[in-house]
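Heads up: the structure comes next, in structure tokens.
Number of protein chains: 2
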Amino acid sequence: MLPLDDYVPYLLNRAGARIAASFSDEVRPFGITLQMWRALAALTDRDGQTVGELSGRTAIEISTLSRVLDGLQRRKLVERKRAEDDGRVVTLYLTPAGRTMTRRVIPIAERYERVAIAGLSARDVATLKRLLRELYANMDKLCANRAASDS
Amino acid sequence: MLPLDDYVPYLLNRAGARIAASFSDEVRPFGITLQMWRALAALTDRDGQTVGELSGRTAIEISTLSRVLDGLQRRKLVERKRAEDDGRVVTLYLTPAGRTMTRRVIPIAERYERVAIAGLSARDVATLKRLLRELYANMDKLCANRAASDS
DNA sequence: AGCAAATATTTGCATTTGCAAATATCGTGA
DNA sequence: TCACGATATTTGCAAATGCAAATATTTGCT
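Those protein sequences? They're chains A and B, same order as listed. Following my numbering, the numbering of the first sequence begins with 1 at its first residue and continues without gaps. Following my numbering, the numbering of the second sequence begins with 1001 at its first residue and continues without gaps.
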């Protein structure tokens, strides 16, 4: 049979959905959505990324991301620049207001990290992070294979 | 600063989004969505659940779930029954067609489990499952606290 | 140089989502 | 028993999402 509580994708989805819902509530007062925050955070981490890179890093579907960026741009938190060397590519930069927004939200994000891993040992947390990264890499490989076999 | 690749909610969201997107592609040919599958799987695990219970178990927002159930009912995969002892409650049952659908999709789900955890030791997998369950419980506590303080 | 294929991003359109309000039923205390 | 608050589910409506097609630019081939 199907032991649901022992099935990794289910556990992952469920935990992810719960934390996403809570965090959405937290950033709403700032006038941004969870996806907007995820894009902002990824841009804070590294400036000047392209839309495609950002999509890969955040796992936000690229056309969705394009509209998330519309919102961020309208709110003057992010700037889009057409790259000079390759006119197809759009590079993304935080505005000063975007940086301010990030500074304000980071404490909340840090609180969520603490709440999420409450009661876990440092060793467990390190393991969890490593495993989530490996899992992501595994799914990436699958995507690549599927893309290759579609052609 | 914000070491994004070391931040649990981000890693979780990212891995969850990626696996969800791939799995959606897999169940689409069966005419169902990922959320429909998650509901079906949870009902296979235990029959006769209420809408609220199912929402809690799947972390699908309850009004969304209500409409997911509309879809499942229209496809004759799930039946809604008003409970006899409490007229507010709706209990949910798989139809034979629902059970057939589940039987067909389970092999795909099992393949995804294998792909997701490829390269991880049995010990690591056990740890991952335990940690994901604890994390979910932690977020549940947070939700409960927030709900209490809102009143 | 010139054109077809490849790559990056955006947009059209239909579906899905979720907050808030509505609806339906139950439980409790006067 | 009759209101009134609590609980369970559904629905209204606006926003978010994602597939497929459109657009814009570059690269490779001749």
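Ideal placement from N, C-alpha and C gives every residue a C-beta, glycine not left out. Just so it is clear, the structure is predicted and the values come from calculations on it, not from any experiment.
In whole angstroms, what separates the C-alpha of residue i from that of residue j?
i, j, result
"tyrosine 1007 of chain B", "valine 125 of chain A", "10 Å"
"threonine 1058 of chain B", "serine 22 of chain A", "15 Å"
"serine 1121 of chain B", "alanine 118 of chain A", "25 Å"
"threonine 1033 of chain B", "alanine 15 of chain A", "19 Å"
"serine 1024 of chain B", "aspartate 1005 of chain B", "25 Å"
"proline 1107 of chain B", "alanine 1116 of chain B", "14 Å"
"valine 1089 of chain B", "glycine 1052 of chain B", "9 Å"
"lysine 1141 of chain B", "glutamate 1134 of chain B", "11 Å"
"leucine 1131 of chain B", "isoleucine 1019 of chain B", "18 Å"
"lysine 1129 of chain B", "threonine 100 of chain A", "37 Å"
"leucine 69 of chain A", "tyrosine 1093 of chain B", "42 Å"
"lysine 81 of chain A", "methionine 139 of chain A", "31 Å"
"threonine 127 of chain A", "threonine 1127 of chain B", "8 Å"
"glutamate 1026 of chain B", "arginine 1074 of chain B", "21 Å"
"glutamate 79 of chain A", "alanine 1041 of chain B", "43 Å"
"alanine 1017 of chain B", "leucine 1054 of chain B", "21 Å"
"leucine 1011 of chain B", "arginine 1103 of chain B", "31 Å"
"tyrosine 1136 of chain B", "isoleucine 1060 of chain B", "13 Å"
"glycine 98 of chain A", "asparagine 13 of chain A", "29 Å"
"threonine 50 of chain A", "proline 1009 of chain B", "23 Å"
"threonine 91 of chain A", "lysine 1076 of chain B", "48 Å"
"glutamine 35 of chain A", "glycine 56 of chain A", "14 Å"
"arginine 46 of chain A", "glycine 71 of chain A", "20 Å"
"arginine 123 of chain A", "arginine 1123 of chain B", "14 Å"
"valine 105 of chain A", "valine 1105 of chain B", "40 Å"
State buried or exposed for residue i, treating a residue as buried only when at least 16 other CB atoms are found within 10 Å of its CB.
i, result
"isoleucine 1062 of chain B", "exposed"
"proline 1096 of chain B", "exposed"
"proline 1029 of chain B", "exposed"
"threonine 179 of chain A", "Nothing about residue 179 of chain A can be read from this structure; chain A reaches only from 1 to 151."
"arginine 67 of chain A", "exposed"
"threonine 64 of chain A", "exposed"
"glycine 1048 of chain B", "exposed"
"proline 1003 of chain B", "exposed"
"glycine 1031 of chain B", "exposed"
"arginine 38 of chain A", "buried"
Using a Cβ cut-off of 9 Å, pull out every chain A residue sitting near residue i, in sequence order please.
i, result
"serine 1024 of chain B", "Simply none; closest approach about 11 Å."
"valine 1027 of chain B", "Under the 9 Å cutoff, chain A gives no residues; its nearest Cβ is about 12 Å from valine 1027 of chain B."
"lysine 1129 of chain B", "Asp5, Asp6, Tyr7, Val8, Leu11"
"tyrosine 1093 of chain B", "Going along chain A, no residue has its Cβ under 9 Å from tyrosine 1093 of chain B, so there is no contact; the nearest lies around 16 Å."
For the ligand ZN, any of its heavy atoms closer than 7 Å to the Cβ of residue i?
i, result
"threonine 1050 of chain B", "Judged by which ligands are present, the structure shown has none, so any question about the ligand ZN falls away."
Under 8 Å Cβ-Cβ, which residues of chain B neighbour residue i?
i, result
"methionine 139 of chain A", "Ala1015, Arg1018, Ile1019, Ser1022, Val1115, Ala1116"
"glycine 119 of chain A", "Glu1134, Asn1138"
"arginine 38 of chain A", "Tyr1010, Asn1013"
"alanine 42 of chain A", "Leu1004"
"glutamate 61 of chain A", "Ala1021"
Determine which residues share a DSSP beta bridge with residue i and list them.
i, result
"valine 1078 of chain B", "B:Leu1094"
"glutamine 49 of chain A", "A:Leu92"
Just the chain B side, please: which residues come within less than 7 Å of residue i by C-beta, in chain order?
i, result
"threonine 50 of chain A", "Within chain B, no residue comes near threonine 50 of chain A; the closest Cβ sits about 17 Å away, beyond 7 Å."
"leucine 142 of chain A", "Ser1022, Val1115"
"threonine 58 of chain A", "Arg1014"
So residue i contacts chain B; which residues on that side make the cut at Cβ distance below 9 Å?
i, result
"threonine 156 of chain A", "Only positions 1 to 151 of chain A appear in the structure, and residue 156 of chain A is not among them; the question remains open."
Report the neighbours of residue i on chain A: residues whose CB is nearer than 8 Å to its CB, in chain order.
i, result
"threonine 1033 of chain B", "Per Cβ cutoff of 8 Å: no residues; threonine 1033 of chain B is ~13 Å from chain A at best."
"aspartate 1124 of chain B", "Thr127, Leu131"
Mind the definition here: the stretch 1099-1112 of chain B touches the stretch 73-87 of chain A only if three or more C-beta pairs lie below 8 Å; say whether that holds.
In short, these stretches do not touch, since the Cβ pair count stays below three.
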